[in-house]
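J.: Residue 84 in the working numbering sits at position 76 of the sequence shown, and the numbers go up by one each step.
In this text, a Cβ means the ideal position worked out from N, Cα and C, and glycines have one as well.
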Amino acid sequence: MKLCMIGTGYVGLVSGVCFADLGNNVICVDKDQQKINSLKKGKIPIYEPGLEELVLKNYKNKRLDFSTDLEVSVKKSDIIFICVGTPTKKGGSSADLSQVYNVAKHISKSINKFKIIITKSTVPVTTGDEIEKIIGKKNKKKNFSIVSNPEFLREGEAIRDFIYPDRVVVGTNEVRSNKILKTLYSPLISKGAQYLNTSRRAAELIKYASNAFLATKVTFINELANLCEKTDINIEDISIGMGLDKRIGSRFLRAGPAYGGSCFPKDTKAIINTAERFKTSLSVIKSVIKSNENRSNLLLNRVKNLLKNRIKNKNICFLGVTFKANTDDMRDSSSLSMIPELSKKGAKVNYYDPTGSKSELNKYKNVSYKQNIKDAIKKSDLIIIHTEWNDFKSINFKTFIKGKKPIILDMRNIYSPSKMKQQGFKYFGIGR
Ligand code: UDX
């Protein structure tokens, strides 16, 4: 099929490349000429394992192309995916849909034959209705169909999550559109993905509800970890004990720092805003947002206690600063609330991250990026393992540390407390 992906961020580029790899002809459109030029040279603007080779392969065999010309690209395509950003409005909690509606206006000028127009970006309930109105102003309803088809891609695992999704959710009441989408996704369905057809609004809500629930699950185990620290219980036993109940499931029960990223914080706020629009309250999700916002402070207090409230002039090492492993994304990473605070209190913070130096952090006094683990650890009073990169999973600390042993705060419970204590370290995990 001929597809057009509008927006070449995590969603548009990954989905477009994967659709091309499944045999479709795909044009990825972006208004940023520089971005399009580098994509044509095989330079990928986002850090996503496996993406570069897929782009090169499909661009070479001409199943994938890039363009800044939205209207021409739409005219050439049968199915149009809207994959532009829907960030939280500055100073607010609702999703900023200006990019989505702007794209809809451009699409409405390019309906030269029947088009299926799909929102793949995460958009609040009733956005599809709004897009239908915008496009309906200039086009007969029989010439287009507005469908919701949310993505469930995790950063760092996006290609795998696209090719092996648990489910494909398609929100439309139109038989023709549903049939075409089912054909488009048939290679994934034949590999075991569940195909779920719902109303458009249900599909829009499923995305937010899923992310809000995952954020709730993570926050739940993070709070249980606080209780475990006070009761000498290992949170990992709780995660395993709970997870063996098939109704609960073992995933997303790893205690850690506050959750971050470009989705959980944005989507939890947006679903609250949707509920308020419809005069109802989602009190559980509200408490999840509050609990997660408090978590970074709670962990900062933990750091202060470990250093006996003497932060000034202390050398603190952060291993990993991105919001999770296998991404370079710093959005809402808990390191962005912890490191500035520690710098303000006079600590000297060295950090290493496999994805390199971060401008968001280097602007703070006495915060510096180190090229490798050894330099970051050197002379530390406290080592904080913040992100669960594989690079940090088998560090032989004894080779890096001569003389006074630092305290180790393992915020991802990577290491065994008993082994670390045997090596003479004052080792602390999360929830154990
Ligand atoms: C999430 C959803 O998983 C994905 O389906 C959706 O499409 C986009 O949002 P992502 O934001 O990439 O994906 O990150 P995810 O892997 O879900 O982790 C989110 C946050 O939860 C991270 O800060 C991560 O460190 C944290 N987390 C996750 C935990 O603390 N413990 C866990 O067990 C799992």
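Counting only the same chain and skipping the five closest in sequence on each side, list residues whose C-beta sits under 8 Å from that of L350.
T.: Closer than 8 Å at Cβ, skipping near neighbours: L308, V311, I319, I324, V357.
J.: Return the residue from the list R420, N421, R440, I416 that minimises the CA-CA distance to G432.
T.: Checked all of R420, N421, R440, I416; the closest Cα to G432 is I416.
J.: Could you tell me if the beta carbon of L451 falls within a distance shorter than 7 Å of some heavy atom in the ligand UDX?
T.: Because the chain in this structure spans residues 9 to 440, residue 451 falls outside the shown range and cannot be described.
J.: The alpha helix (DSSP H) spanning K522 covers which residue range?
T.: Residue coverage of the chain in this structure runs from 9 to 440, which leaves residue 522 outside it and unanswerable.
J.: Which whole runs of the alpha helix (DSSP H) in the segment 195-247 are 4 residues long or more, in chain order?
T.: The qualifying runs are 208-239.
J.: Is it the case that the Cβ atoms of T130 and P158 are separated by a distance below 8 Å?
T.: Yes, these two residues count as a Cβ contact at 8 Å.
J.: Measuring CA to CA, which of K382, N234, R285 is closest to M419?
T.: Selected option, being the one with the closest Cα: N234.
J.: Answer yes or no: the CB of N421 versus the heavy atoms of the ligand UDX, is any distance below 7 Å?
T.: Every heavy atom of the ligand UDX is 7 Å or more from the Cβ of N421, so no.
J.: Using a threshold of 7 Å, is the CB atom of G264 nearer than that to any non-hydrogen atom of the ligand UDX?
T.: Yes.
J.: Under the assumption that C91 contacts G15 (Cβ atoms under 8 Å), give the Cβ distance between them as a whole number of angstroms.
T.: Between G15 and C91 the Cβ distance is about 4 Å, and since that is below 8 Å, they are a contact.
J.: Give me whichever residues DSSP pairs with F170 in a beta bridge.
T.: F170 pairs with nothing; no bridge assigned.
J.: Taking its Cβ as the centre, do 16 or more other Cβ atoms sit within 10 Å of L252, making it buried, or is it exposed?
T.: L252 should be labelled exposed.
J.: Within a Cβ cutoff of 7 Å, which residues of the same chain sit near L213, ignoring the five residues on either side of it in sequence?
T.: Taken in chain order, the residues that qualify are V133.
J.: Can you tell me which of T76, V375, M338 puts its alpha carbon nearest to the alpha carbon of K352?
T.: The option with the nearest alpha carbon to K352 is V375.
J.: Among A210, K51, K274, F436, which has the Cα closest to the Cα of N313?
T.: Here the closest residue by C-alpha is F436.
J.: Is the beta carbon of S270 within less than 7 Å of some heavy atom of the ligand FMN?
T.: Among the ligands present in this structure, namely the ligand UDX, the ligand FMN is not found.
J.: With a Cβ-Cβ cutoff of 8 Å, do L344 and A384 count as a contact?
T.: No. Outside cutoff.
J.: When we look at the beta-carbon of K123 and count the other beta-carbons within 10 Å, is it buried (16 or more) or exposed?
T.: With 16 or more other Cβ atoms within 10 Å, it is buried.
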